[in-house]
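Peer 1: Note that this note's numbering has the sequence shown beginning at 63, numbered continuously upward. Glycine included, each C-beta is placed from N, C-alpha and C at the ideal position.
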Amino acid sequence: MSGKRLRKRFLSVFRSFQSKERCLITTIRDVAERAGVSISTVSHILNETRHVSDELKERVQLAMLELNYKPNALARSLRRKRSRTLGIIVPDSANPYFAEVARGVEDASFDQGYSVILCNSDADPEKESMYINVLAEKQVDGICLVAASSQTIETHLDNVPHLQIPMVLIDRENPNTVVDSVVVENTAGSIKAVEHLLSLGHQRIGCITGLPDLINSQKRSNGYREALKNAGLIVDESLIVEGDFRYEGGYDATKHLLGLNDPPTAIFACNDLMAIGAISAIVSAGLSVPQDISIVGFDDIHLAMFANPPLTTVVQPKYEMGVTAAKILLQRLQTPDLPPKRHLLQTHLLVRESTKAVVHHPIEQNRT
Ligand code: RIB
63 MSGKRLRKRF LSVFRSFQSK ERCLITTIRD VAERAGVSIS TVSHILNETR HVSDELKERV
123 QLAMLELNYK PNALARSLRR KRSRTLGIIV PDSANPYFAE VARGVEDASF DQGYSVILCN
183 SDADPEKESM YINVLAEKQV DGICLVAASS QTIETHLDNV PHLQIPMVLI DRENPNTVVD
243 SVVVENTAGS IKAVEHLLSL GHQRIGCITG LPDLINSQKR SNGYREALKN AGLIVDESLI
303 VEGDFRYEGG YDATKHLLGL NDPPTAIFAC NDLMAIGAIS AIVSAGLSVP QDISIVGFDD
363 IHLAMFANPP LTTVVQPKYE MGVTAAKILL QRLQTPDLPP KRHLLQTHLL VRESTKAVVH
423 HPIEQNRT
């Protein structure tokens, strides 16, 4: 059959399905009979397990279209031992930070012919474990995990060997585990944030921490302390308030800081959602940012530039973290025996409009 006639045939069949004239469920045997080839030829074409001529391929593809044949993906994955699907589990799919990371995973996977299943653990270790098992049952070829907590990483990785699914950690790691990971320089990023505030003359700088059991939170708090010590300042523990990476946590922590006898003139929030919550708390107290209090965040989520005022923050390469994690996972599928590797990506400070030089009121200058 000539190429032109074949294309014409494809189009007429395609149009017939567009008008929903037929919805048959057919088997690989029906396709082989319609195309006039063996079942094994159809199987080789479906699973790309042997070279088949273009003419035969086109006859089989036309037969599949005419019969509305849908290959059984699960059966194919069992034969191939590849479902060409990855899973990603994040603690909060509504948090723009994780959405941008997941987008990087999905784009890099799609480019390599892989689909991605996104799971939201709600930062609940039990739900996270449930999803790891669900993804294993669905025969995913690998999992990208942004862990609910540093502790759950060890639990999962103790269980994962029997699942025999490669896993890469994104953003949150556990030094006791030897597994591929993609993380950023959290301590250095926090030092840059606090040094920026110090350069503006701020000395009473508050810190709203992330979730205390996460290693990246601990590293950010450590960076805050290190920057103050490097500047010869004593760390005032009353200026450090435990947060939770949520808008509400930033709002409540800032209300607490504003209630101190000697409130801070600047606040470093260990993620942008808490920094935006801090801005809201300051405004609701009748004060303004940065005129009364400067604010710095961490992440540079898309919303940061639309905050009022636009947020000064530490940029995490979120999309690149997702792309890197997907590439590591796909590489591991090809070379399972490579030693695990920790990929450390850079952060940098992006100064916008939520910080300014501190104004020392005349009375304060006499207070020494
Ligand atoms: O906004 C969510 C926070 O949790 C980010 O800072 C990211 O690092 C994640 O750990």
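#1: Just the Cα atoms here: how many angstroms apart are residue 116 and residue 123?
#2: Keeping to the same chain, check which residues put their C-beta closer than 8 angstroms to that of residue 267; ignore five residues upstream and five downstream.
#3: State buried or exposed for residue 104, treating a residue as buried only when at least 16 other CB atoms are found within 10 Å of its CB.
#4: Beta-carbon separation of residue 156 and residue 187 under 8 angstroms?
#5: Go ahead and label residue 311 buried or exposed: buried means 16 or more other beta carbons lie within 10 angstroms of its beta carbon, across all protein chains shown.
#6: Are the CB atoms of residue 204 and residue 227 nearer to each other than 8 angstroms?
#7: Any contact of the segment 384-399 with the segment 169-180, i.e. 3+ C-beta pairs under 8 angstroms?
#8: With 16 other CB atoms within 10 Å as the buried threshold, where does residue 369 fall?
#9: Write down every uninterrupted run of the beta strand (DSSP E) in the segment 154-211 whose length is 3 residues or greater and which is fully enclosed by it, in chain order.
#10: Got a sec: does ligand 1 put a non-hydrogen atom nearer than 7 angstroms to the Cβ of residue 360?
#11: Kindly list the residues whose CB is nearer than 7 angstroms to the CB of residue 85, restricted to its own chain and excluding five residues on each side of it in sequence; keep chain order.
#12: Quick check on residue 145: does DSSP put it in helix, strand or coil?
#13: How about residue 239 and residue 215: do their beta carbons lie closer than 8 angstroms?
#14: According to DSSP, is residue 15 helix, strand or coil?
#15: Please classify residue 405: does DSSP put it in a helix, a strand, or coil?
#16: In the DSSP output, which residue or residues are listed as bridge partners for residue 118?
#17: Relative to the C-alpha of residue 145, which residue among 197, 114, 96, 181 is closest?
#18: Is residue 480 near ligand 1, going by C-beta to nearest heavy atom under 7 angstroms?
#19: Within a Cβ cutoff of 8 angstroms, which residues of the same chain sit near residue 372, ignoring the five residues on either side of it in sequence?
#20: Just to confirm, is the Cβ distance from residue 207 to residue 151 under 8 angstroms?
#21: Judging by CA-CA distance, which residue of 294, 235, 167 is the nearest neighbour of residue 175?
#22: Would you tell me roughly how many angstroms separate the C-alpha atoms of residue 341 and residue 195, rounded to the nearest one?
#23: Looking at residue 384: is its Cβ nearer than 8 angstroms to the Cβ of residue 163?
#24: Check residue 93 in the structure and name its three-state DSSP category.
#25: Given residue 421, which residues of its chain have a CB within under 7 angstroms of its CB, disregarding the five upstream and five downstream residues?
#26: Just reading off the beta strand (DSSP E) that residue 410 is part of, what are its end residues?
#27: With DSSP as the reference, label residue 384 as helix, strand or coil.
#28: Could you check what DSSP says for residue 256 in three-state terms: helix, strand or coil?
#29: Could you tell me the alpha carbon to alpha carbon distance between residue 403 and residue 242, rounded to whole angstroms?
#30: From this set, 337, 360, 363, 362, which residue's C-alpha is nearest residue 352's C-alpha?
#31: Output the distance between the C-alpha atoms of residue 411 and residue 283, rounded to the nearest integer angstrom.
#32: Determine the contact status of residue 154 and residue 184, defining contact as a CB-CB distance below 8 angstroms.
Peer 2: Walking through what the data contain:
#1: Start at 1 with the first residue of the sequence shown, and residue 116 comes out as number 54. Start at 1 with the first residue of the sequence shown, and residue 123 comes out as number 61. Approximately 10 angstroms between the Cα atoms of the pair.
#2: For the purposes of this step, residue 267 is taken as residue 205 along the sequence shown, with counting starting at 1. Answer for residue 267: 256, 259, 260, 286, 290, 301, 326, 327, 328, 329, 330, listed in chain order.
#3: By 1-based counting over the sequence shown, the position of residue 104 is 42. The residue in question, residue 104, is buried, as its Cβ has 16 or more Cβ neighbours within 10 Å.
#4: Position 94 of the sequence shown, counting from 1, holds the residue named residue 156. Position 125 of the sequence shown, counting from 1, holds the residue named residue 187. Taking a C-beta distance under 8 angstroms as the contact criterion, residue 156 and residue 187 do not qualify as a contact pair.
#5: Position 249 of the sequence shown, counting from 1, holds the residue named residue 311. Buried.
#6: Here residue 204 refers to the residue found at position 142 of the sequence shown. Here residue 227 refers to the residue found at position 165 of the sequence shown. It is a contact, given that the beta carbons lie within the stated cut-off.
#7: yes
#8: On the sequence shown, position 307 is the one that residue 369 refers to. Result: buried.
#9: Taken in chain order, the whole beta strand (DSSP E) runs of length 3 or more contained in the segment 154-211 are 177-182, 204-207.
#10: Against the sequence shown, residue 360 aligns to sequence position 298. Yes, Cβ of residue 360 sits closer than 7 angstroms to a heavy atom of ligand 1.
#11: The residue labelled residue 85 in the question sits at position 23 within the sequence shown. Only weak support exists for where residue 85 lies, its pLDDT of 46 falling under 50; the value from the coordinates is given anyway. Once the five neighbours on either side are set aside, the close Cβ partners of residue 85 are 130.
#12: Position 83 of the sequence shown, counting from 1, holds the residue named residue 145. In the displayed model, residue 145 falls within coil according to three-state DSSP, outside both helix and strand.
#13: Sequence index remark: in the sequence shown, residue 239 carries index 177 (1-based). Sequence index remark: in the sequence shown, residue 215 carries index 153 (1-based). Cβ distance < 8 angstroms, so residue 239 and residue 215 count as in contact.
#14: Beyond the ends of the chain as shown, which are 63 and 430, falls residue 15; an answer cannot be given.
#15: Walking along the sequence shown from the start, residue 405 turns up at place 343. It is a strand residue.
#16: Numbered from 1 along the sequence shown, position 56 holds the residue referred to as residue 118. Partner(s): none; residue 118 has no beta bridge.
#17: One-based indexing of the sequence shown puts residue 145 at position 83. The candidate whose alpha carbon is nearest that of residue 145 is 197.
#18: It is not possible to answer for residue 480, since the shown part of the chain is limited to 63 through 430.
#19: As a position in the sequence shown, residue 372 is number 310, starting the count at 1. So the qualifying residues of the chain are 366, 414, 415, 416.
#20: Indexing the sequence shown from 1 puts residue 207 at position 145. Indexing the sequence shown from 1 puts residue 151 at position 89. Less than 8 angstroms divides the Cβ of residue 207 from the Cβ of residue 151.
#21: Mapped onto the sequence shown, residue 175 falls at position 113. Closest by alpha carbon: 167.
#22: To locate residue 341, count along the sequence shown from 1; it is residue 279. To locate residue 195, count along the sequence shown from 1; it is residue 133. One C-alpha to the other measures close to 40 angstroms.
#23: Position 322 of the sequence shown, counted from the first residue, corresponds to residue 384. Position 101 of the sequence shown, counted from the first residue, corresponds to residue 163. Contact check for residue 384 against residue 163 passes: the beta carbons are separated by less than 8 angstroms.
#24: The residue you call residue 93 lines up with position 31 of the sequence shown. Assignment of residue 93 by DSSP, reduced to helix, strand and coil, places it in the helix class.
#25: On the sequence shown, residue 421 is found 359 positions in, with the first residue counted as 1. Cβ within range, chain order: n/a, list empty.
#26: Locating residue 410 in the sequence shown gives position 348, counting from the first residue. Per DSSP, residue 410 belongs to the beta strand (DSSP E) from 410-412.
#27: The residue labelled residue 384 in the question sits at position 322 within the sequence shown. Reduced to three states, the DSSP call for residue 384 is helix.
#28: For this step, residue 256 is matched to residue 194 along the sequence shown. Residue 256 falls in the helix class under three-state DSSP.
#29: On the sequence shown, position 341 is the one that residue 403 refers to. On the sequence shown, position 180 is the one that residue 242 refers to. In a straight line, the C-alpha of residue 403 is about 5 angstroms away from that of residue 242.
#30: To locate residue 352, count along the sequence shown from 1; it is residue 290. Residue 352 has its Cα closest to that of 337, out of 337, 360, 363, 362.
#31: Position 349 of the sequence shown, counting from 1, holds the residue named residue 411. Position 221 of the sequence shown, counting from 1, holds the residue named residue 283. Cα to Cα, residue 411 sits roughly 16 angstroms from residue 283.
#32: One-based indexing of the sequence shown puts residue 154 at position 92. One-based indexing of the sequence shown puts residue 184 at position 122. In contact: residue 154 and residue 184 (Cβ atoms closer than 8 angstroms).
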